[in-house]
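*Asks:* Residue numbers (the numbering used here): 45 to 224.
(1) Can you name the start and end residues of the alpha helix (DSSP H) that residue 171 belongs to?
(2) Identify, in the order they occur along the chain, each residue of the same chain with its Cβ nearer than 6 Å to the Cβ of residue 157, setting aside the five sequence neighbours on each side.
(3) Buried or exposed: residue 125, going by 16 or more other Cβ atoms within 10 Å of its Cβ?
(4) Should residue 21 be labelled buried (16 or more other beta-carbon atoms within 10 Å of its own) or exposed?
(5) Where does residue 118 land, buried or exposed, given buried means 16+ other C-beta within 10 angstroms?
(6) Taking only the alpha-carbon atoms, compute the straight-line gap between residue 179 and residue 185 and give it to the nearest angstrom.
(7) From residue 86 to residue 141, what does the alpha carbon distance come to, in whole angstroms?
(8) Where residue 149 and residue 159 are concerned, what is the direct C-alpha to C-alpha distance, given to the nearest angstrom?
Structure (structure tokens):
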């Protein structure tokens, strides 16, 4: 039969220590002899002291003092077990707080690194934009130079044609003149 305080005394999966105590049902309960220290009694005669002791034991068991004492012991064990559980919970909470703090520090460090990476990427993008602008400027200047070269080539071709034409005129003039 399951006792009232069994749930406080069973070991659970999280490793809390404690002893398992099973409460016996009151129907099958037989008082167990317990060691008790004799209470100091006033000086009496040996006869009265001897006669009152068996009477006290029978009176104690008939009113359920032994059962009450056993329940008190079980309650103390349950309280001790709860105390251990509370201590373990505090330890776990402390570990959790430390873990959270460590993670917070790690995340802050990662965030700082990511900010630096973002700044680096922004600088690189600015550099790439500047290079793109310079490249376009150089391409524009190269196009201008190509246009100038083409213009000069055309002019030189025109001059060459004029020189050829004039050369042919001079040649034909020389040939058309009588020879002396």
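No residue lacks a Cβ here, since even glycine has one placed at the ideal position from N, Cα and C.
*Replies:* Inspection of the coordinates gives the following:
(1) 109-220
(2) none
(3) buried
(4) Here the chain covers residues 45 to 224 and nothing more, so residue 21 does not appear.
(5) Per the 10 Å Cβ criterion, buried.
(6) Their backbone Cα atoms lie some 10 Å apart in a straight line.
(7) Here the model assigns residue 86 a pLDDT of 43, short of 50, so the residue's position is not dependable, and the following value carries that caveat. Roughly 59 Å separates the two Cα atoms.
(8) Approximately 15 Å, taken between the alpha carbons.
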